[in-house]
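Read the structure below first, then the notes.
Put into structure tokens, the structure is as follows:
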């Protein structure tokens, strides 16, 4: 499954401008220091964060306006923030 994404997002004083092109059969790892936008990128791909503008396609399917539960993308956070108990 291939992934192509162009994401521009603003969260508070932080702005993000990133482009990704991952061919089918390849693995993508997002690495960077705290506050560099890794979680924002993943949230945008999963549909949990609304970017200022984005073009995201997975396997040729555009995800603009597609609800998170219909995207076929899973996101598992390192911290149990949704259910802290």
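Numbering (the numbering used here), first residue to last: 40 to 124.
Beta carbons: idealized from backbone N, C-alpha and C, even for Gly.
Given the structure is predicted, the values throughout are model-derived calculations rather than measurements.
Residue pairing by DSSP places residue 100 opposite 97 in a beta bridge. Look at residue 54 here: in three-state DSSP terms it is strand. Boundaries of the alpha helix (DSSP H) harbouring residue 81: 77–85, taken from the DSSP string. Pairing residue 107 with residue 87 gives a Cβ-Cβ distance under 8 Å. In the three-state scheme derived from DSSP, where H, G and I count as helix and E and B as strand, residue 45 is classed as strand. With fewer than 16 neighbouring CB atoms inside 10 Å of its own CB, residue 111 falls in the exposed class. Around the CB of residue 62, fewer than 16 other CB atoms lie within 10 Å, so the residue is classed as exposed.
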